[in-house]
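Some notes on the structure that comes next.
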């Protein structure tokens with residue numbers, strides 16, 4: 044995660060909450076046999092990836108465009124970054140309003 048929208052730390056906390064919730068859903072309390080636990084953990088990770096991938100792709104894209112816009116001397120590249128930002132991220136602070144729900 045690049046530092047341009049300052050979301051690296053909060054994204055990692057979101058990851059922890061979502062992963063804990065996915066693991067909790069797949070855990071069977073009282074199952075001491077251990078059979079199927081590997082499959083359940085794999086399913087939990089698949090669920091976690093499906094839930095987090097769109098959010099992180101969006102955060103990474105927004106951060107990349109802001110960084111590219113700030114670092115390039117080319118006015119044309121800056122213009123393209125602005126156009127993509129307007130099209131993809133109309134609401135500039137939408138990345139701060141994410142509810143990863145409760146455990």
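Numbering (my numbering), first residue to last: 44 to 146. Here a beta-carbon is modelled for each residue, glycine too, at the ideal position from N, C-alpha and C.
Do residue j and residue i count as a contact pair if the criterion is CB distance below 9 Å?
i: residue 84; j: residue 69; result: yes
i: residue 91; j: residue 61; result: yes
Should residue i be labelled buried (16 or more other beta-carbon atoms within 10 Å of its own) or exposed?
i: residue 130; result: exposed
i: residue 87; result: buried
i: residue 48; result: buried
i: residue 106; result: buried
I'd like the span of the alpha helix (DSSP H) that includes residue i, first residue to last.
i: residue 130; result: 118 to 131
i: residue 105; result: 80 to 114
i: residue 63; result: 51 to 69
Can you tell me the Cβ-Cβ gap for residue i and residue j, rounded? I've got them flagged as a contact below 8 Å.
i: residue 108; j: residue 128; result: 5 Å
So does the stretch 118 to 134 actually touch the stretch 54 to 64, counting three or more Cβ pairs closer than 8 Å? With a cut-off of 8 Å on Cβ pairs, the stretch 118 to 134 is not in contact with the stretch 54 to 64, counting fewer than three such pairs.
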